[in-house]
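Letter 92 of the sequence shown, counting from 1, is numbered 92 in the UniProt record's numbering, and no numbers are missing.
Everything on this sheet refers to the single structure shown next.
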Amino acid sequence: MKEQWLKWAGKIDALSVRERVLIALGGVAAIVFLVYFGLTDPANARERSLRAAIAQQRGRLAGIDVELGQKLAAARADPDAAARQRVATLTADNAALRASLRNTQKALVPPARMSALLQQMVQQNSRLKLVSLKTLPPAGTTDGNFADTPADAAGPVLPVTSLSTTPPGAAPTPGAPAPAQPAADDKARPLLYRHGVQLVLRGAYGDMVAYMEALERMPAQVFWGRAVLDATEHDKTTLTLTLYTLSLDEKWIAL
1 MKEQWLKWAG KIDALSVRER VLIALGGVAA IVFLVYFGLT DPANARERSL RAAIAQQRGR
61 LAGIDVELGQ KLAAARADPD AAARQRVATL TADNAALRAS LRNTQKALVP PARMSALLQQ
121 MVQQNSRLKL VSLKTLPPAG TTDGNFADTP ADAAGPVLPV TSLSTTPPGA APTPGAPAPA
181 QPAADDKARP LLYRHGVQLV LRGAYGDMVA YMEALERMPA QVFWGRAVLD ATEHDKTTLT
241 LTLYTLSLDE KWIAL
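Given below as structure tokens:
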């Protein structure tokens, strides 16, 4: 071994100064390389691993914060907010519709005036005779469609007495009997009610036509239901008229 070292020393002594310097620098570089990769690189690897773990933990914490914020917001929110908003919208729409219906109702004959108005118009033509006058049950609607009222469902036949001289639109005579109120409906409350009367007239054909034309010329309007003319008996022509008006109330026509 000693001989080997002496041999290497002899070779080094035979080298020039420049060659010795290069060999020394190479040795130093080798030592630095070994130290770096033997000591520093593992430390850097551990640092990178720790940084990755920290970043992962921060991501988990951010996710937990987001989830916690969502749960807190859900706890503070009103679970019935959407339903309350829907109810408020429907209530406002209902109020607007009723206001529109009230404006329309102003152009129609009020139910309380309808029977007196029809009798007064018959009185204006002495050649016409009012045979009978029936009230029809009020029909309600929530969608604008009314169920047809059968003829046998009409109210009681009112006796035709001497016609009042009170002008149309005056308050009805106190004490007049009023038909019973219909049973309350368990379904949704109707927005609009249709009130009707059925009257039977007897007289000449021309007088009946004049009566219907007078009805059409009235400032306050009524709706035509049906008109049935019976001329089977000579000089005893009868006309059955069904007329309607509309109201926001179910209150029966005052007679």
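Cβ atoms here follow ideal geometry from the backbone N, Cα and C, with glycine treated the same way.
- Residue range 111-123 is occupied by the alpha helix (DSSP H) that includes Gln119.
- In terms of Cβ geometry, Pro137 and Ser247 do not form a close pair [threshold 7 Å].
- The stretch 199-227 is shown to contain whole alpha helix (DSSP H) runs of 4 or more residues at 205-217, in chain order.
- Sequence-distant Cβ neighbours of Tyr205 in its own chain, meaning closer than 7 Å and more than five residues away, are Thr237.
- Boundaries of the beta strand (DSSP E) around Lys134: 129-141.
- DSSP places Ser247 inside the beta strand (DSSP E), whose first and last residues are 238-247.
- A straight line joining the alpha-carbon of Glu216 with that of Ala81 spans about 51 Å.
- In this structure Leu229 is exposed. Its beta-carbon is surrounded by fewer than 16 other beta-carbon atoms within 10 angstroms.
- Exposed is the label assigned to Arg84, since fewer than 16 other Cβ atoms lie within 10 Å of its Cβ.
- A Cβ-Cβ distance of about 3 Å is found for the pair Pro190 and Gly140, placing them in contact under the 8 Å criterion.
- Ala116 sits buried, since 16 or more C-beta atoms from the chains shown fall within 10 Å of its C-beta.
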